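S.K.: Please find one structure pasted underneath; my questions will follow.
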């Protein structure tokens, strides 16, 4: 086997997880491999020397990006020059499409094979990005099956590899063990998950706590758990709790434990809805944006649904209460019956879980190496 040089760029923690799994799977198949590029601690542990700290790419929000735009453009330009000089056998951009798709285009034009791992939401909005993907990408690796169908229709080489979360989350979680660890007993338990970012918690936190107060009247003996992504989110929620009397346990992280322990979830739209579905917990999905942002997105987004369970089921499987429809009373009234029996949702969750459970890292490694077999 000839020595292989694989370049990867990940922009945030979720990409570091995907990248490290892919690197491990490539090494198992092709031990004589050298990794270059940008990654976090997990990718570095698998043998990458990162050109610069991955955190420099982890920027959220339009205003924050504008504040760092000069640095990001300079880093990308230097990265392209460096990689063209190194001539890796393949470049793999992991998520972070606004940063990595341009690198893929330039490297492919320079004769380097390119792969993009994790589809941007081109099927939902800014669909013209698929033209750039088709021009710059030898292979798209998608986590979800409906994404692969979209690329096939657009003439982009694609492989659905499954979702790593579906591989790691058990098909049946041990609710009793999770409750024992959290000291929750036998009472009905609702997980409140208003998001992991400050803006999300700012828009949804008080709303979810208001809904919880109403749920205390609708579900006798109910208890709540709320996992906080970090110390700043915990402080934010604690401030919102002042003056309230709720049977609520705040957790530091441990969102998977909260999902394993609960009977139902009140949840912000995002990746967490996929996690709740994989834990087979009935949910009500809520989201609020700044009014102008919502008005613009409503006109740009082509998809009829926002939550991943509905996108995967291709039907309205879980309730979505968005913007003005997301009132505390509506959230509580919609969620209360699901605490007792959410089987109309959860019966479908198991089949979706099995569809996504494909050993994603190994599938992705096989696809990358198949792309290189004629090099």
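In the numbering used here, the protein residues as written are 125 to 499. Idealized CB from N, CA, C, for every residue including glycine. Just so you know, these numbers come straight off a predicted model, no measurement behind them.
Residue 235: which of 137, 397, 323 and 262 sits nearest, CA to CA?
M.R.: The residue you call residue 235 lines up with position 111 of the chain shown. It is 262.
S.K.: Go through its chain and collect everything with a Cβ distance to residue 380's Cβ below 8 Å, but skip five positions before and after it.
M.R.: Within the chain shown, residue 380 is the residue found at index 256, counting from 1. Answer for residue 380: 293, 399 and 403, listed in chain order.
S.K.: In three-state DSSP terms, what is residue 446?
M.R.: Working through the chain shown from its first residue, we reach residue 446 at position 322. In the structure shown, the three-state DSSP call for residue 446 is strand.
S.K.: Of the choices 134, 154 and 328, whose alpha-carbon is the least far from that of residue 496?
M.R.: Here residue 496 corresponds to residue number 372 of the chain shown, with the count starting at 1. Closest option to residue 496, Cα to Cα, is 154.
S.K.: Take residue 491 and list the residues in its own chain whose beta-carbon comes closer than 7 Å to its own, dropping the five residues that flank it on each side.
M.R.: Locating residue 491 in the chain shown gives position 367, where the first residue counts as 1. Correct list, in chain order: 263, 265, 283 and 285.
S.K.: For the segment 313-376, which segments carrying the alpha helix (DSSP H) assignment without a break, of at least 4 residues, lie completely within its bounds, in sequence order?
M.R.: 322-342 and 355-365
S.K.: Which residues bound the beta strand (DSSP E) around residue 237?
M.R.: Here residue 237 is taken as the residue at index 113 of the chain shown, counted from 1. Residue 237 -> beta strand (DSSP E) spans 237-241.
S.K.: Pairing CB atoms from the segment 452-472 with CB atoms from the segment 382-401, are three or more of them under 8 Å?
M.R.: Contact holds: three or more Cβ-Cβ distances are below 8 Å.
S.K.: Below 7 Å between beta carbons: does that hold for residue 312 and residue 349?
M.R.: As a working mapping, residue 312 is identified with position 188 in the chain shown. As a working mapping, residue 349 is identified with position 225 in the chain shown. No.
S.K.: Within 10 Å of its beta-carbon, does residue 478 have 16 or more other beta-carbons around it, so buried, or fewer, so exposed?
M.R.: Along the chain shown, read from residue 1 onward, the residue named residue 478 stands at position 354. Exposed, by the Cβ-count rule.
S.K.: Can you check whether the CB of residue 480 is closer than 7 Å to the CB of residue 287?
M.R.: The count along the chain shown starts at 1 and reaches residue 287 at position 163. The count along the chain shown starts at 1 and reaches residue 480 at position 356. Taking 7 Å as the Cβ cut-off, residue 287 and residue 480 qualify as a contacting pair.
S.K.: Taking the alpha-carbon of residue 434 as reference, which of 326, 489 and 269 has the nearest alpha-carbon?
M.R.: Looking up residue 434 in the chain shown gives position 310. Scanning 326, 489 and 269 for the CA closest to the CA of residue 434 turns up 269.
S.K.: If the criterion is Cβ atoms closer than 7 Å, does the pair residue 147 and residue 159 meet it?
M.R.: Start at 1 with the first residue of the chain shown, and residue 147 comes out as number 23. Start at 1 with the first residue of the chain shown, and residue 159 comes out as number 35. Contact: yes.
S.K.: What residues are listed by DSSP as bridge partners for residue 174?
M.R.: Along the chain shown, read from residue 1 onward, the residue named residue 174 stands at position 50. For residue 174, which the question treats as bridged, DSSP gives the partners 161.
S.K.: Thinking just about the alpha-carbon of each residue, which of 306, 416 and 176 is nearest to the one in residue 164?
M.R.: Within the chain shown, numbered from 1, the residue matching residue 164 stands at position 40. Ranking the options by Cα distance to residue 164, first place goes to 176.
S.K.: Who pairs with residue 217 in a beta bridge, going by DSSP?
M.R.: Sequence index remark: in the chain shown, residue 217 carries index 93 (1-based). For residue 217, DSSP records a beta bridge to 133 and 240.
S.K.: Does residue 263 come out as helix, strand or coil in the three-state DSSP assignment?
M.R.: Start at 1 with the first residue of the chain shown, and residue 263 comes out as number 139. Residue 263: strand per DSSP, three-state reduction.
S.K.: If you count every other CB in all the chains shown that lies within 10 Å of the CB of residue 395, and 16 or more means buried, which is it?
M.R.: As a first step, residue 395 must be located in the chain shown, where it is residue number 271. Classification for residue 395: exposed.
S.K.: Give me, in chain order, the residues of the same chain whose beta-carbon lies closer than 7 Å to that of residue 229; leave out the 5 immediate sequence neighbours on both sides.
M.R.: Along the chain shown, one-based indexing puts residue 229 at 105. Excluding sequence neighbours, residue 229 sits near 256, 259 and 260.
S.K.: Determine the contact status of residue 469 and residue 442, defining contact as a CB-CB distance below 7 Å.
M.R.: For the purposes of this step, residue 469 is taken as residue 345 along the chain shown, with counting starting at 1. For the purposes of this step, residue 442 is taken as residue 318 along the chain shown, with counting starting at 1. Yes, the pair counts as a contact, with Cβ atoms nearer than the cut-off.
S.K.: Does DSSP put residue 390 in a helix, in a strand, or in coil?
M.R.: Start at 1 with the first residue of the chain shown, and residue 390 comes out as number 266. In the structure shown, residue 390 sits in a strand (DSSP, three-state: E or B).
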